[in-house]
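Chains as they are written, first to last, in this note's numbering: chain F, 1 to 253; chain L, 1001 to 1248.
(1) So what's residue 1153/L in DSSP terms, helix, strand or just coil?
(2) Given that residue 53/F touches chain L, what residues does it touch there, using C-beta distances under 8 angstroms?
(3) Taking the alpha carbon of residue 1239/L as the point to measure from, which residue in 1152/L, 1167/L and 1052/L has its own alpha carbon closest?
(4) When the Cα of residue 87/F is compared with those of 1093/L, 1075/L, 1183/L and 1095/L, which residue comes out closest?
(5) With distances taken from CA atoms, which of 1102/L, 1051/L and 1048/L is nearest residue 1069/L?
(6) When the cut-off is 9 angstroms and only beta carbons count, does residue 154/F lie next to chain L?
(7) Kindly say whether residue 68/F, judged by its beta-carbon, lies nearer than 9 angstroms to any beta-carbon of chain B.
(8) Contact defined as beta carbons within less than 8 angstroms: I believe residue 1137/L pairs with residue 1232/L. What is the distance between those atoms, to the nearest angstrom?
(9) For a contact defined as C-beta to C-beta under 7 angstroms, what are the partners of residue 77/F on chain L?
(10) Pull up the distance between the alpha-carbon of residue 965/L and that of residue 1172/L, whole angstroms please.
(11) Is the region 1017-1031 of chain L in contact with the region 1044-1060 of chain L, if contact means three or more CB pairs nearer than 8 angstroms?
(12) Are the region 54-68 of chain F and the region 5-14 of chain F in contact at 8 angstroms, needing three or more beta carbon pairs?
(13) To the nearest angstrom, how far is the alpha carbon of residue 1063/L from that of residue 1105/L?
(14) Over what stretch of residues does the alpha helix (DSSP H) that includes residue 1038/L continue unbroken?
(15) Alpha carbon to alpha carbon, how far is residue 249/F from residue 1092/L?
(16) What whole-angstrom Cβ distance do residue 31/F and residue 186/F have, given they're in contact under 8 angstroms?
(17) Bridge partners of residue 3/F, per DSSP?
(18) Using DSSP's beta-bridge definition, name the partner residues of residue 116/F.
(19) Restricting to runs no shorter than 4 residues, where is the alpha helix (DSSP H) found entirely within the region 96-143 of chain F?
(20) Mark residue 1005/L as exposed unless 16 or more other C-beta atoms lie within 10 angstroms of its C-beta, in which case mark it buried.
(21) Quick one: what's got a C-beta closer than 7 angstroms to residue 14/F's C-beta in the same chain, skipping five residues either side?
(22) Would you say residue 1069/L reaches chain F, if we count a Cβ-Cβ gap shorter than 9 angstroms as a contact?
(23) List, from N- to C-terminal side, the beta strand (DSSP E) runs of 3 residues or more that fit wholly inside the region 1027-1079 of chain L.
(24) Tell me the residue span of the beta strand (DSSP E) that contains residue 61/F.
(25) Hey, is residue 198/F's beta-carbon within less than 9 angstroms of any beta-carbon in chain L?
(26) Using a Cβ-Cβ cut-off of less than 7 angstroms, list which residues of the region 2-22 of chain F approach chain L; keep chain order.
(27) Tell me the residue span of the alpha helix (DSSP H) that contains residue 1191/L.
(28) According to DSSP, which residues form a beta bridge with residue 1082/L?
(29) Which residues in the same chain as residue 201/F place their Cβ atom closer than 8 angstroms to its Cβ, once the five residues preceding and following it in sequence are excluded?
(30) For residue 1165/L, which residues of its own chain have a beta-carbon under 6 angstroms away from its beta-carbon, when the five flanking residues on both sides are left out?
(31) Do residue 1212/L and residue 1197/L count as a contact pair if the criterion is CB distance below 9 angstroms?
(32) Helix, strand or coil: how does DSSP classify residue 1005/L here?
(33) Which residues, taken in chain order from the region 1069-1083 of chain L, show a beta carbon closer than 7 angstroms to some beta carbon of chain F?
(34) Less than 9 angstroms separating the beta-carbons of residue 85/F and residue 161/F?
(35) Can you list, in chain order, the stretches of the beta strand (DSSP E) that have 3 or more residues and sit fully within the region 175-205 of chain F?
(36) For chain L, is any of its Cβ atoms less than 9 angstroms away from the one on residue 74/F?
Written as structure tokens, this is what we have:
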């Protein structure tokens, strides 16, 4: 049994004094589709930032496919592809250049990167815009460009931080299908999302984080079993079962 | 990374190459031609020939500094595209090398353009005492100021912080470092003070390559450049490795 991600006792206190993570421990099996859920400010993005080395942790250990991010940062980073929550590419560049340049940061020669980038962009439905400036892309296309960029070095572990935020329903379903296919190819996925239906559709394992602590973790079925009918909000149906469980777990007591 | 930077600097050539060229034309016209004809000779050569190395060096210093400081700051602050690199396995030393080389390319190209323009003001005559010294000083100076600009870009929290150092530190040091005069003409205290200005040694060494004239030995100039390069590489490597000023 290989773990794609192992986090032990991860703590992060920002310079402002905010304690974002209070001893998070988490494991994700290779090939799994794992959803990390939590309300705004729960610590999801801090965990992701720590895994990809954009946030310096206060204490704890993180390893990706057995490579500790402190001792073997280059080997750990080689395994990861990241789709961030916010757009972080140069909008004056062309999508093809953005993706091919990213390949360069992973040591992939342009002769390999260019055809690979063209295929990825076509597969993600932005093939006809790949030689236009990125600023001309629609919001949904920009999100898909982030996915293409994250996949260019063929990572074993893909992290998606709210990848479908602001994307219309039809496009979101298309992205779900694309992500399902990636899992079939053996890529491990960590997804954070506010659309609980998305997690319910895609994830086989789920963790719920609130105020910097993991408050529930298990398979989708195990999480759904936490549903407490007596504690249902408003006394009636509000959404999917996972949404009810999420609200019960994260509500202010 | 270097390819991307070079493509960028040519795409926006009006911002990257043209300003230094125009400023230099003004320097040559005002100081070299108009005032220079009244000043006469400096250290035995015409004033125009004397100021050419200083003005070329001025353009190398400002261009290489601006390139790495602004490129890094822009990708960190406006687009956050620096994250593309930070999440990749690119080692810190390679990041330093990439940004510094971008600065060298721009600095040396602008320097070459300004030198070319100087030919129109010197009547197509230019003295070359030692081409190897000229070339070495151009590259090493561009490297020093690329590294300095990179430190600025990494630490800067606002666009003001990018402009403060060139305006209040770099420009006075360059102007008082002997671009337009020899330290021989300065009074005693000012002469002594100038010896603490690192840019004085850089301009001096560069001028030696053109005219064979120097106020201080060439070895001293190379040693000071070498020390600043070592310091710049170490500081940048440490900042990128630890994420100081970058990571949260």
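Just so it is clear, CB atoms sit at the ideal spot from N, CA and C, and this is done for glycine as well. Quick caveat, the model's predicted, so the values are computed rather than measured.
According to the data block:
(1) Residue 1153/L: helix per DSSP, three-state reduction.
(2) Here the neighbours are 1086, 1087, 1243 and 1247.
(3) Nearest to residue 1239/L by C-alpha distance, out of 1152/L, 1167/L and 1052/L, is 1152/L.
(4) Selected option, being the one with the closest Cα: 1075/L.
(5) The residue with the shortest Cα to Cα distance from residue 1069/L is 1102/L.
(6) No, because no Cβ of chain L sits closer than 9 angstroms to the Cβ of residue 154/F.
(7) Note that chain B does not occur in the displayed structure, where the protein chains are F and L.
(8) The pair is not a contact, with the Cβ atoms about 16 angstroms apart (cut-off 8 angstroms).
(9) 1087, 1088 and 1089, listed in chain order.
(10) Limits of chain L in this structure are 1001 at one end and 1248 at the other, which puts residue 965/L out of reach.
(11) The region 1017-1031 of chain L, when compared against the region 1044-1060 of chain L, does touch it at the 8 angstroms Cβ threshold.
(12) The answer is yes - the region 5-14 of chain F touches the region 54-68 of chain F, with three or more Cβ pairs under 8 angstroms.
(13) So the alpha carbons of these two residues sit roughly 10 angstroms apart.
(14) It spans 1036-1039 - the alpha helix (DSSP H) in which residue 1038/L sits, taken as one unbroken run.
(15) C-alpha of residue 249/F to C-alpha of residue 1092/L: approximately 42 angstroms in a straight line.
(16) Right, their Cβ atoms sit about 6 angstroms apart.
(17) For residue 3/F, the beta-bridge partners assigned by DSSP are 29/F.
(18) Answer is none; residue 116/F lacks a bridge partner.
(19) Within the region 96-143 of chain F, the complete alpha helix (DSSP H) segments at least 4 residues long are 110-123, listed from N- to C-terminus.
(20) Classification for residue 1005/L: buried.
(21) 20.
(22) Closer than 9 angstroms: no.
(23) Counting only runs of 3 or more residues that sit fully inside the region 1027-1079 of chain L, no beta strand (DSSP E) segment turns up.
(24) Element bounds for residue 61/F: 59-64.
(25) The beta-carbon of residue 198/F is placed no less than 9 angstroms from the nearest beta-carbon of chain L.
(26) Contact residues of the region 2-22 of chain F toward chain L are 14 (C-beta to C-beta distance below 7 angstroms).
(27) Start and end: 1188-1194.
(28) For residue 1082/L, which the question treats as bridged, DSSP gives no partner whatsoever.
(29) So the list reads 176, once near-sequence residues are dropped.
(30) Same-chain partners within the cutoff: 1152.
(31) Their beta carbons are not under 9 angstroms apart, which means residue 1197/L does not touch residue 1212/L by this criterion.
(32) In the structure shown, residue 1005/L sits in a helix (DSSP, three-state: H, G or I).
(33) Per Cβ criterion, the list reads 1079, 1080, 1081 and 1083.
(34) Yes, the Cβ-Cβ distance between residue 85/F and residue 161/F is below 9 angstroms.
(35) Taking 3 residues as the shortest admissible run, the region 175-205 of chain F contains the following complete beta strand (DSSP E) segments, listed from N- to C-terminal end: 188-192.
(36) Under the 9 angstroms criterion on CB atoms, residue 74/F is classed as interfacial with respect to chain L.
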